[in-house]
Amino acid sequence: MARDNLTVVVEFILLGFSDLPKLQGFLFVIFLSIYISILIGNGLLIVITKTHPGLQTPMYFFLGNFSFLEICYTSVTLPQMLADLWTQNRTISFLACAVQTCFLYILGVAECLLLAVMAHDHYVAICKPLYYPLIMNRRVCIQLVMASWMIGVPVLVEETYQIFCLNFCGPSKLNHIFCDAPALLELACGDTYKREVSVHVAALVFVITPFLLILSSYVKIITTILRLPSTSGRSKAFSTCSSHLMVVGLFYGSGSIVYVPPKSSHSAGSVKVFALFYTTVTPMFNPLIYSLRNKDVIASVRKLFPK
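Here you go:
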């Protein structure tokens, strides 16, 4: 009887920033500018890492793939946000919501793992420089990138399937800027405890584990750097790692705040703000962080645009 009384949800309404009706046009311009800057900045990094002869190293190979991943990651959410702000029609179909959630998690996990791979690359380059060409050869680099993209797919597809198999009895209003598990679980009927635990476990595995690998790599890197006799050598090594650490801090910090603690510790507004950080702000700053702090990238851009 209870099942018969459930309302079948065929679409969701993404509330987004509907509580700021006078700022819809302004927000559209802001997010459109951010999206264009993400496409241009990361696209430029992809071009120079693929075409410039001086950047054909594993570090820039990973950076080019990371930039491509950033473009894909933001393209899962930002176009939908822009369409909602432009048309004021905030509906998204049940299937489209499931697809968005699935790709958001697959690409997010790929980003976590690729950041860990980049930290490992820095570790080998600084701590084992003589073995670097042997350890980080072309084949190994390709395998690491493919593993970063694929390793989480089976688990995350299953996780998404289990979330969307729940009964949603309405209202179908998602108080979020895109389809996300915490917001969806709030709309589900019945006991969702197991699914909430499952989401947090997945977040711990795919967010905390790569972070611990990054932390382990940088403990060894810093130990090695401090042993270097040359001050200029230490400065160069720290400069190489600082850009990556800034990106790690932005992405992991905001993502962990949203997914790791229990949902009761967050307000809807703070969740939206932190979600914007790891889906838009980090991808926007990524090209700036890597270009402004990297002489090789700056030189490559100058050669590409000599005037």
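Under our numbering, think of the first position of the sequence shown as 147, with each following residue one higher.
Just so you know, even glycine gets a beta-carbon here, dropped at the ideal spot from N, CA and C.
Kindly give me the distance between the Cβ atoms of residue i and residue j, rounded to whole angstroms, as I take these residues to be in contact under 8 Å.
i           : j           : result
residue 222 : residue 250 : 5 Å
residue 322 : residue 417 : 7 Å
residue 356 : residue 209 : 17 Å between Cβ atoms; not a contact.
residue 429 : residue 190 : In fact, because the Cβ distance is near 13 Å, the residues do not count as touching under 8 Å.
residue 160 : residue 320 : 5 Å
residue 446 : residue 241 : Not quite, the Cβ-Cβ distance comes to about 42 Å (not below 8 Å), so this is no contact.
residue 363 : residue 229 : Rounded, the Cβ-Cβ distance is 40 Å, inconsistent with contact.
residue 384 : residue 155 : With a Cβ gap of about 52 Å, residue 384 and residue 155 do not count as contacting.
Are the beta-carbon atoms of residue i and residue j separated by less than 9 Å?
i           : j           : result
residue 247 : residue 330 : yes
residue 252 : residue 299 : yes
residue 195 : residue 181 : no
residue 324 : residue 244 : no
residue 224 : residue 184 : yes
residue 268 : residue 346 : no
residue 318 : residue 157 : yes
residue 301 : residue 262 : no
residue 214 : residue 192 : yes
residue 367 : residue 393 : no
residue 257 : residue 397 : yes
residue 425 : residue 203 : no
residue 308 : residue 341 : yes
Looking at the secondary structure, which residues open and close the beta strand (DSSP E) in which residue i lies?
i           : result
residue 160 : 157–160
residue 233 : From DSSP, residue 233 is part of no beta strand (DSSP E) but of the alpha helix (DSSP H) over 204–233.
residue 297 : Counting along the chain, residue 297 falls outside any beta strand (DSSP E), and DSSP gives it neither H nor E.
residue 238 : 237–239
Under the rule that 16 or more other beta-carbon atoms within 10 Å means buried, what is residue i, buried or exposed?
i           : result
residue 283 : exposed
residue 395 : exposed
residue 343 : exposed
residue 388 : exposed
residue 437 : buried
residue 352 : buried
residue 448 : exposed
residue 231 : buried
residue 443 : buried
Between which two residues does the alpha helix (DSSP H) harbouring residue i extend?
i           : result
residue 192 : 170–197
residue 344 : 339–349
residue 362 : 355–372
residue 278 : 278–281
residue 375 : Careful: residue 375 lies outside any alpha helix (DSSP H) and carries neither H nor E.
Looking at the ligand NAP, does it come within less than 8 Å of residue i, judged from the CB to the closest heavy atom?
i           : result
residue 194 : The ligand content of the structure shown is nil, which means the ligand NAP is not present either.
*Does the region 172–187 touch the region 324–341, meaning 3 or more C-beta pairs lie closer than 8 Å?*
no
Validate contact between the region 233–244 and the region 261–273 using beta carbons, cut 8 Å, 3 pairs: no
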